[in-house]
Amino acid sequence: MYRFSNTLIGYLNLLTLLASIPIIGGGLWLARSSATCESSLQTPLLVLGFVVLLVSLAGFVGACFNVAWALWLYLLVMLFLIAALLGLTAFGFAVTGGGGAVDVPGRVYHEYRLDHYSGWLRHRITEPGYWKAAMACVVGSKTCAKIAPWTPLDYLQRDLSPIQSGCCKPPTSCTYAAGSAMEAQDEDCYRWNNAADVLCYGCDSCKAGVLEQVRRDWHKLSVLNVVILMFLIGIYSVGCCAFRNARRAESEYPYGENRMSKVHPRWDYFWWRWWRDRREQLY
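For what it's worth, my numbering labels the leading residue of the sequence shown as 205, then goes sequentially.
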């Protein structure tokens, strides 16, 4: 039974080793893409892929060949990964709590308010560099073009994604006369323009829509992180058993044998005592 942990950790790390190959391949493929949304993910994917590759390789070699130092390195990196993932998951749940969805009377879709989100998300989305990249991503996705042919009846009966609701139309409360917004309205009403390359991309509602989409995706990722975290903790526990087995193999002591001869002496010790006593009786 004491070899079971080595075999199990070997198979598990072989699977993660093979899984790192498509992760690295996906990162390299995204590096060749010109789309802003995809290229922004290449660095995290490449880093994750290479870390998984190296950690899995160390765990596989250490478990299958009883290399104690490789298993020690594997367990050390795994501990840092578990701690980092735990912190990231807690942070993700903290900043994605709640949401800015507001019901619109007589409509299926919702609208979103920027001040309903956490301070960290609001500060992040209002940074000029970050918002420029995010807006380029929204424009490049052609999300608004999908609802351009909608009729007023469609807006009454059909749902909208957060980005479509915030970036592709003015707030529902806006009223216009002769093509211009009336006084004493939401500031987004004055930022709206019917031009396809302008629309409401400069509105706070567009930033809120992007944050809502990020919040939903991040919340799903946080739930997935919890599952991965439990899986990693299980692998780490099995890895500790494999490390203990590798140490026993290096010291050439079989499993369960006590090193203290005075407490549990070896079998040849009794034969030596018997031979010594026999010689004393003869001579």
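For each residue, glycine too, the CB sits at the ideal point set by N, CA and C.
Quiz item: By DSSP, does Y405 sit in helix, in strand, or in coil?
Solution: coil
Practice problem: Indicate whether A412 and Y316 have their beta-carbon atoms separated by less than 8 Å. | Solution: Yes.
Quiz prompt | L318 to C378 span [Cα, whole Å] | solution = 17 Å
Quiz item: Taking three-plus beta-carbon pairs below 8 Å as touching, is the stretch 354-364 in contact with the stretch 391-402?
Solution: In this structure the stretch 354-364 does not lie against the stretch 391-402, because fewer than three pairs of beta carbons, one per stretch, are closer than 8 Å.
Quiz item: Beta carbon of G296, beta carbon of L425: below 8 Å?
Solution: yes
Exercise. Please report how far the alpha carbon of L283 lies from the alpha carbon of C445, in whole angstroms.
Key: Straight-line spacing of the CA atoms in L283 and C445 works out to 15 Å.
Quiz item: Where DSSP assigns a beta bridge to H320, which residues make up the other side?
Solution: Answer is none; H320 lacks a bridge partner.
Quiz item: Mind checking whether L279 and G443 have CB atoms under 8 Å apart?
Solution: yes
Quiz item: Roughly how many angstroms lie between the CA atoms of A272 and G266, to the nearest whole one?
Solution: Straight-line Cα distance between these residues: approximately 6 Å.
Self-check item: 8 Å contact criterion, which N429 and L250 should meet: CB distance rounded
Solution: That belief does not hold up - the Cβ atoms of N429 and L250 are roughly 19 Å apart, past 8 Å.
Self-check item: Simplified DSSP assignment, three categories, for A352
Solution: Three-state result, A352: coil.
Quiz item: When the Cα atoms are used, what is the spatial distance from T293 to G323?
Solution: 18 Å
Quiz item: Does DSSP classify V315 as helix, strand or coil?
Solution: Position check: residue 315 holds Glu in this sequence, whereas Val was assumed. In this structure, E315 counts as strand in the three-state DSSP scheme.
Exercise. Using only alpha-carbon positions, find the residue among C348, N217, P332 and R328 that is nearest to A399.
Key: C348
Quiz item: P286 and L436: beta carbons closer than 8 Å?
Solution: Going by the sequence as given, residue 286 is Ile instead of Pro. A contact, by the Cβ cut-off of 8 Å.
Quiz item: Of the choices I213, R326, V418 and I351, whose alpha-carbon is the least far from that of S260?
Solution: I213
Exercise. With a cut-off of 8 Å on the beta carbons, I'd call S409 and P356 a contact; round off their distance for me.
Key: No, S409 and P356 are not in contact; Cβ-Cβ is about 19 Å, not under 8 Å.
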